[in-house]
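Each residue of the sequence shown is one higher than the one before, counting from 835 in my numbering.
The block underneath contains the structure these notes are about, expressed in structure tokens.
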Amino acid sequence: MERRYASHPNEVKQFDTDRLRKEFHIPALFTPDKLELVLTHEDRLIIGGAAPVREPITLETDLKELGVSSFLERRELGIINIGEHGTVRVDGTEHELSNKECLYVGMGAEEVIFTSSDPEHPAKFYLNSAPAHQTFPTAKATLEEADSSALGDIKNSNDRVIYRFIHQKGIQSAQLVMGMTLLKEGNMWNTMPAHTHPRRMEAYLYFDLPEDAVVIHLMGQPNETRHIVMRNEQAVISPSWSIHSGVGTSNYTFIWGMAGDNKRYDDMDPVSMKDLK
């Protein structure tokens, strides 16, 4: 498991492109038949990917890093499948996940195993894990079952649908909030006007991007913005003090996951367009 430390905004002002990417950009999460994990010290969120092809993948890591005897002893887990049909087995119970379906696994689960139904069309499980103080039951949600809302319009190139899976009024968790935003064809902007939420950090996974397309992910303090070039199936860490917005050369989908002081999706501090620099 790779470790990323937290950074002060005054320090980030001095970062060049290479340093910015090393601190916040996660270039590869879906290596065939391998578990990829990145632990950020921003609210101790773990961002990961499991891409089983020929072999099942078990959720495990060097437990000394977490100070526990099993991965979910003091953690909870959110999973969204961005690939083809697969199965997540939690302590012997199998949960089938198709594309863009979500599974929550509560604190205390001892064994989590990821499997693809067809090696020729493998699943790709995106993972967010946050520290937990209470156990909640394992639960699944499809796109149809998620709390959703349409936002934006084609005039502003941000016509999109937001799906909330793990949140205050949906799948219950200790602190993890997780969902997905789908931009319609011909739309490129997300989360603009921008906002911050100083009480929570966030991570994005961009996917459903054509091979030759990119998303310019905007981050930094509103008056000291920076950008990171993102490609398909890449993730980015957003500290609580940073905006998190983007514009693509094509439409795309992204998964957002948050950890911090509360589970309110709408807990955010708006940033006026005139204040962006």
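Glycine included, every Cβ here is placed at the ideal spot set by N, Cα and C.
The structure presented is a predicted model; accordingly, all values stated were derived computationally and were not measured.
Just checking my contact of residue 1022 with residue 991 at CB under 8 Å: how many whole Å lie between their CB atoms? Going by Cβ atoms, the distance from residue 1022 to residue 991 rounds to 5 Å, so yes, they are a contact pair.
Measure the Cβ-Cβ separation of residue 1013 and residue 971 and say whether it is below 8 Å. Not a contact, by the Cβ cut-off of 8 Å.
Taking residue 1103 as the reference, which of 1111, 1080, 1076, 1090 has the closest Cα? With distances taken between Cα atoms, residue 1103 lies closest to 1076.
Checking the sheet assignment: what are the DSSP bridge partners for residue 1023? Bridge pairing for residue 1023: 1081 [DSSP].
8 Å Cβ cutoff met for residue 1032 and residue 1079: With contacts defined as CB atoms closer than 8 Å, residue 1032 and residue 1079 fail to qualify as a contacting pair.
With DSSP run on the structure shown, which of helix, strand or coil describes residue 1107? Three-state DSSP puts residue 1107 in a helix.
Anyone know if the C-beta pair for residue 1000 and residue 1015 falls short of 8 Å? Taking 8 Å as the cut-off, the beta carbon of residue 1000 is found no closer than this to the beta carbon of residue 1015.
Can you tell me the Cα-Cα spacing of residue 968 and residue 1008, whole angstroms? Between residue 968 and residue 1008, the C-alpha separation is close to 6 Å.
Residue 1041 vs residue 916 beta-carbon contact at 8 Å: Closer than 8 Å, so yes.
Using the rule of at least 16 other Cβ atoms within 10 Å of the residue's Cβ for burial, across every protein chain shown, is residue 1063 buried or exposed? Looking at its Cβ environment, which holds fewer than 16 other Cβ atoms inside 10 Å, residue 1063 is exposed.
Expected contact under 8 Å - CB spacing of residue 920 and residue 951 to nearest Å: The beta-carbon separation of residue 920 and residue 951, rounded to 6 Å, stays under the 8 Å limit for a contact.
Where residue 854 falls: helix, strand or coil (DSSP): Note: residue 854 maps to helix in three-state DSSP.
Residues bridged to residue 984 (per DSSP): Under the DSSP definition of a beta bridge, residue 984 partners with 995.
Take residue 840 and list the residues in its own chain whose beta-carbon comes closer than 8 Å to its own, dropping the five residues that flank it on each side. Result list for residue 840: 874, 875, 876, 1073, in chain order.
Would you identify the three-state DSSP class for residue 897, choosing helix, strand or coil? When DSSP states are grouped into helix, strand and coil, residue 897 belongs to the helix group.
Burial state of residue 988 (16 or more Cβ within 10 Å): So residue 988 ends up on the exposed side.
Let me confirm a value: residue 901 is counted as buried when at least 16 other C-beta atoms fall within 10 Å, else exposed. Which label applies? Residue 901 comes out exposed.
For residue 1099, which residues of its own chain have a beta-carbon under 8 Å away from its beta-carbon, when the five flanking residues on both sides are left out? So the list reads 998, 1001, 1002, 1011, 1013, once near-sequence residues are dropped.
Residues near residue 929 by beta carbon distance below 8 Å, same chain, minus five either side: Contacts found: 921, 922, 923, 937, 972, 974.
Work out the CA separation of residue 855 and residue 869 for me, nearest whole Å. Across the structure, residue 869 and residue 855 are spaced so that their CA atoms are roughly 21 Å apart.
Could you check the C-alpha separation between residue 1058 and residue 1020 for me, to the nearest Å? If you draw a straight line from the Cα of residue 1058 to the Cα of residue 1020, it is about 29 Å long.
Best match in 935, 844, 1110, 1038 for proximity to residue 858 [C-alpha to C-alpha]: Of 935, 844, 1110, 1038, the smallest CA-CA separation from residue 858 is found for 1038.
When 961, 899, 1108, 1053 are compared against residue 1081, the one with the closest alpha-carbon: Nearest C-alpha to residue 1081: 1053.
Could you give the DSSP three-state label for residue 918: helix, strand or coil? The three-state reading of DSSP puts residue 918 in coil, since its state is none of H, G, I, E or B.
Using 8 Å as the threshold, is the C-beta distance between residue 895 and residue 871 below it? The answer is yes: Cβ separation under 8 Å.
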